[in-house]
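In case it helps, our numbering puts the sequence shown at residues 1166 to 1501.
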Amino acid sequence: MLDKLKTIKTSFQQDIAAAADLEQWEAMRVKYLGRKSQLSEVMSMMKTLSAEQKRDIGKQANEVRLYLEAVLEDMRNALEAKGAHANQIDVTRPGVKTTAGHLHPLTRVEDEIKRIFLSMNFSVVEGPEVETEHYNFDALNIPANHPAREMWDTFWVKPGSKTAGAPRNLLRTHTSPMQIRYMEKHTPPFQIIVPGRVFRYEATDASHEINFYQMEGLMVGPDVSLANFKYIIEEFFKEFFNDPDMQFRFRPSYFPFVEPGVEVDIKRKGDSKWLEVMGAGMVHRNVLKAVGYDPNIVQGFAFGMGTDRLAMLKYKIPDIRFFYNGDLRFIKQFKK
Ligand code: PHE
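Okay, structure coming up:
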């Protein structure tokens, strides 16, 4: 009887491969599991056996039956699926809701900033995230050992070359190096903004991250003045925060690559205190000279603002780390 069970299984395996439609499948089911099948013959012969043989053979027969049922079930599912696709689409079945993604809040804010500056005839340019010491510091009037380097805690990149004096690389600490790269290749007048990711070797807290985003601005041409800067930046913030009556304060400040340097504070409808929103100033004569411009003929202003910070102010986000921790409960609130 054990041999018989084995034969049933092998001949089933050969037969079933040939079942090409549901009709053949049904014939197969009757042949192997029906009342007149060889398997049920074995089952009915069991009563003639001793209790011990019954246990042994009964177990094997049951295993064969379960196997046949499982294979037949899979086979039917496969045939039905094939049939449904080949022959008809059931248009009465309920639809499946598709889920579309959406932009990250920082991307949205960056796009909004770009939109406003593009409307004022600025161009958008981008630069590398791994920079040389030269562009990130020296060319911006911040030589090695200048105390101002302490304003930017820096991630240095492990040198590829051990040669003494080989240029050192770093993760850019601000988007300002793009001022130099752009001026080297272009002749004024021009006005650009530079969105980009920047890096600071700092402990993180609610308002500090080791990487964040900045938006740099640079406008150079004959007679470009701080008054031009004031007008453009006030227009920008009023539009960005949708608050035409907001107040501005320009405080003297220090950045080695501008002279004079300022920090811009805003106070919107409902703000109880001044909020610092950007560093800026007139491009330093040394910087203009270093890129081959004559500072007696062209002048310019530059500014740098934190995209994350603007997003936090606009949407009342209390912690910069929300932008980066990937928590969808946060991100999904910014679906348009
Ligand atoms: N690069 C400066 C910073 O990251 C900001 C700045 C840009 C200041 C341009 C003045 C002019 O702190």
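Heads up, the beta-carbon is just placed ideally off N, CA and C, and yes, glycines get one too.
Does the distance from the C-beta atom of Leu1237 to that of Arg1194 stay below 7 Å?
As a first step, residue 1237 is located in the sequence shown; it is residue number 72 there, counting from the start. As a first step, residue 1194 is located in the sequence shown; it is residue number 29 there, counting from the start. Yes; because the gap between Cβ atoms is below 7 Å, this pair is in contact.
Tell me whether Gly1325 counts as near the ligand PHE, meaning its Cβ is closer than 6 Å to at least one heavy atom of that ligand.
Translated into the one-based positions of the sequence shown, residue 1325 becomes position 160. No, the Cβ of Gly1325 stays beyond 6 Å of every heavy atom of the ligand PHE.
Reference Ile1173; option with closest CA among Leu1383, Ile1398, Leu1187, Leu1233:
Position 8 of the sequence shown, counting from 1, holds the residue named residue 1173. Comparing Cα-Cα distances from Ile1173 to each of Leu1383, Ile1398, Leu1187, Leu1233, the minimum goes to Leu1233.
Check whether the Cβ atoms of Gly1361 and Thr1338 lie closer than 7 Å to each other.
Residue numbering aside, residue 1361 sits at position 196 when the sequence shown is read from its first letter. Residue numbering aside, residue 1338 sits at position 173 when the sequence shown is read from its first letter. No.
Beta strand (DSSP E) containing Ala1467: first to last residue?
Residue numbering aside, residue 1467 sits at position 302 when the sequence shown is read from its first letter. Residues 1464–1471.
Residue from Thr1369, Met1348, Asp1303 whose Cα sits closest to the Cα of Phe1487:
Counting from 1 along the sequence shown, the entry for residue 1487 is found at position 322. Closest option to Phe1487, Cα to Cα, is Thr1369.
7 Å Cβ cutoff met for Gly1465 and Val1359
Counted from its first residue, the sequence shown places residue 1465 at position 300. Counted from its first residue, the sequence shown places residue 1359 at position 194. No, these two residues do not count as a Cβ contact at 7 Å.
With DSSP run on the structure shown, which of helix, strand or coil describes Ser1176?
As a working mapping, residue 1176 is identified with position 11 in the sequence shown. Three-state DSSP puts Ser1176 in a helix.
Inter-residue CB distance, Gly1248 and Leu1187 (contact presumed, cutoff 8 Å)
Along the sequence shown, one-based indexing puts residue 1248 at 83. Along the sequence shown, one-based indexing puts residue 1187 at 22. Their Cβ separation, rounded to whole angstroms, is 7 Å, which keeps Gly1248 and Leu1187 in contact under 8 Å.
Taking Cβ to Cβ, would you say Pro1342 is nearer than 7 Å to Glu1296?
As a first step, residue 1342 is located in the sequence shown; it is residue number 177 there, counting from the start. As a first step, residue 1296 is located in the sequence shown; it is residue number 131 there, counting from the start. For Pro1342 and Glu1296, yes; Cβs fall inside 7 Å.
My parser needs the beta strand (DSSP E) runs of 3 or more residues fully inside the region 1358–1389; what are they?
1376–1386
Is it true that the CB of Leu1335 sits closer than 7 Å to the CB of Thr1319?
Position 154 of the sequence shown, counted from the start, is the residue given in the question as residue 1319. Position 170 of the sequence shown, counted from the start, is the residue given in the question as residue 1335. Yes, the pair counts as a contact, with Cβ atoms nearer than the cut-off.
Should Gly1491 be counted as a contact of the ligand PHE given a C-beta to heavy atom distance under 6 Å?
Here residue 1491 corresponds to residue number 326 of the sequence shown, with the count starting at 1. Checking every heavy atom of the ligand PHE against the Cβ of Gly1491, none is found closer than 6 Å.
For Thr1297, write down the residues that DSSP places opposite it in a beta bridge.
If you number the sequence shown from 1, residue 1297 lands on position 132. Answer is Asn1334, bridged to Thr1297.
With DSSP as the reference, label Leu1266 as helix, strand or coil.
Here the question's residue 1266 lines up with position 101 in the sequence shown. In the sequence as presented, Leu is not what sits at residue 1266; that position holds Gly. It is coil, neither helix nor strand.
Note down the Cα distance separating Phe1282 from Asp1408, rounded to an integer number of angstroms.
Taking the first residue of the sequence shown as 1, we reach residue 1282 at position 117. Taking the first residue of the sequence shown as 1, we reach residue 1408 at position 243. For Phe1282 and Asp1408, the distance between alpha carbons rounds to 17 Å.
Can you list, in chain order, the residues of its chain with a C-beta nearer than 7 Å to that of Pro1460? Leave out the 5 residues immediately preceding and following it.
Residue 1460 sits at position 295 when you count from the first residue of the sequence shown. The residues are Arg1450, Leu1453, Lys1454.
Buried or exposed: where does Thr1472 fall if 16 or more other Cβ atoms within 10 Å of its Cβ makes it buried?
As a working mapping, residue 1472 is identified with position 307 in the sequence shown. Label assigned to Thr1472: buried.
Taking C-beta to C-beta, are Ile1527 and Phe1402 nearer than 7 Å?
The requested residue 1527 does not occur in the structure, where the chain is confined to residues 1166 to 1501.
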